[in-house]
Amino acid sequence: MEVTSLSDAPSATALFSAAARAAHCLVDDPPQVIIDHDAVELCSVFTPSPVEFHLSFPAEPVLVAARGSAVLRAAFARQLLAANRTAQLVLLGAGLDTFVAAEFSGPVWLVDRPAVLAWRHQVCTQAGVADIGTPVPFALPDAGLLPALVDAGWDPTAPTAVIALGLSMYLTEEQNRALLASLVLPPGSLLLMDVLLPDIAADAAGRDYAAAICARAGNSEPWLSRFTPAGLAELLVDCGWTLRESRPEAEQVPALFWQRQSHLRPMRLVELVAAVPRS
Numbered sequence: 007m008e009v010t011s012l013s014d015a016p017s018a019t020a021l022f023s024a025a026a027r028a029a030h031c032l033v034d035d036p037p038q039v040i041i042d043h044d045a046v047e048l049c050s051v052f053t054p055s056p057v058e059f060h061l062s063f064p065a066e067p068v069l070v071a072a073r074g075s076a077v078l079r080a081a082f083a084r085q086l087l088a089a090n091r092t093a094q095l096v097l098l099g100a101g102l103d104t105f106v107a108a109e110f111s112g113p114v115w116l117v118d119r120p121a122v123l124a125w126r127h128q129v130c131t132q133a134g135v136a137d138i139g140t141p142v143p144f145a146l147p148d149a150g151l152l153p154a155l156v157d158a159g160w161d162p163t164a165p166t167a168v169i170a171l172g173l174s175m176y177l178t179e180e181q182n183r184a185l186l187a188s189l190v191l192p193p194g195s196l197l198l199m200d201v202l203l204p205d206i207a208a209d210a211a212g213r214d215y216a217a218a219i220c221a222r223a224g225n226s227e228p229w230l231s232r233f234t235p236a237g238l239a240e241l242l243v244d245c246g247w248t249l250r251e252s253r254p255e256a257e258q259v260p261a262l263f264w265q266r267q268s269h270l271r272p273m274r275l276v277e278l279v280a281a282v283p284r285s
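Dropping the structure here:
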């Protein structure tokens, strides 16, 4: 079955994140943060391609902010994965992301809602993109994530990187707490996630983007939680984690990068976070 309709996508967020990664190398000035060839191919199966919005309106503030966030968090994940070299990789809320795991040498598990994983497989097949990883159909934040991973072949004794980017904001604070507490991982493991700052900690561009996204999302995929860095650090400790690093999204690239960009601008809204199991 062909998958070509934007309106039929079971996760608009996953589709438009892929479009943002794809469009970055087409509309933004070099040097690019990442180049995601797979995302270009994945988006090409849709009519119209969601990339067309970026090509037609490259300076539209919501699209600019979406491109920046998508590529910066992908670069963050690639950087930390390369530096830590864990044995296994789990992608929570895998969506249409094939970029983060592309250079990972160990086994990969893809966790998302059953409908999203089925759609992902169809889109990858139609686009001719390798869908590398073991699918784990699972509706976050339901209980039982680790048993589901074990059933899919994951080794709970081996150091694991868990990537949960673009996820926390779609869970309530209590759902985030339950998920983090459920991730009981061995020493040497790593958790990478991002969180949205509350309006009081965001800048004007961040507040405008948040307001625009919330207005457009409606009841489909609304943002449900936002954290200060201090509040997140406390939550991680309560759930058995130690905060190793927390950086503003814009600091993923040097300041000179922003000076060379015609469209992209730094925005204070998203915090990139790395944590390790508390010893």
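The numbering of the sequence shown is my numbering, which starts it at 7 and goes up by one. All residues carry an ideal CB built from backbone N, CA and C; glycine is no exception.
Distance between beta carbons of residue j and residue i, contact taken as under 8 Å
i      : j      : result
LEU97  : ALA107 : 6 Å
THR52  : LEU12  : Checking the sequence shown, residue 52 turns out to be Phe, not Thr. Right, the Cβ-Cβ distance comes to about 6 Å (below 8 Å), so this counts as a contact.
LEU102 : ARG126 : 6 Å
LEU95  : GLY112 : 6 Å
THR92  : THR166 : 6 Å
DSSP state of residue i mapped onto helix, strand, coil
i      : result
SER174 : helix
SER268 : coil
THR19  : helix
ILE219 : helix
VAL259 : coil
ALA280 : strand
ILE206 : helix
VAL135 : coil
Reference residue i, options the options, closest by Cα
i      : options                        : result
LEU230 : GLY212, LEU242, LEU202, TRP247 : LEU202
TRP264 : LEU78, ALA136, THR166          : LEU78
ALA280 : ALA256, ILE169, ASP34          : ILE169
LEU48  : PRO36, ARG271, VAL129          : VAL129
LEU116 : HIS127, LEU102, VAL142, ALA89  : VAL142
GLU66  : VAL39, LEU173, ASP34           : ASP34
SER188 : ALA24, PRO283, ALA25, ARG232   : PRO283
CYS31  : ILE40, ASP214, ALA24           : ILE40
PRO184 : ALA149, PRO204, ALA216, LEU196 : A small fix is needed here, since residue 184 is Ala in this sequence, not Pro. Considering only alpha carbons, the answer is ALA149.
SER268 : ILE138, GLN38, GLU227          : GLN38
LEU151 : ALA121, LEU191, VAL135, VAL46  : LEU191
ASP44  : ALA15, GLU109, ARG274          : GLU109
Exposure of residue i, with buried meaning 16 or more beta-carbon neighbours within 10 Å
i      : result
ASP118 : buried
LEU186 : buried
LEU242 : buried
ILE366 : Because residue 366 is not part of the residues shown, which for the chain are 7 to 285, the question remains open.
GLY212 : buried
ALA287 : With the chain running from 7 to 285 in the structure shown, residue 287 is simply not present.
GLY74  : buried
ILE219 : buried
VAL57  : buried
LEU249 : buried
HIS153 : The sequence given here has Pro at residue 153, not His. Classification for PRO153: exposed.
LEU61  : exposed
GLU251 : exposed
Alpha helix (DSSP H) segment containing residue i, residue limits
i      : result
ASP200 : Per DSSP, ASP200 belongs to no alpha helix (DSSP H); it is in the beta strand (DSSP E), 196–202.
GLU179 : 179–188
SER252 : No alpha helix (DSSP H) holds SER252; the beta strand (DSSP E) holding it covers 247–254.
Beta strand (DSSP E) segment containing residue i, residue limits
i     : result
ALA71 : Premise fails: ALA71 lies in the alpha helix (DSSP H), 67–90, not in any beta strand (DSSP E).
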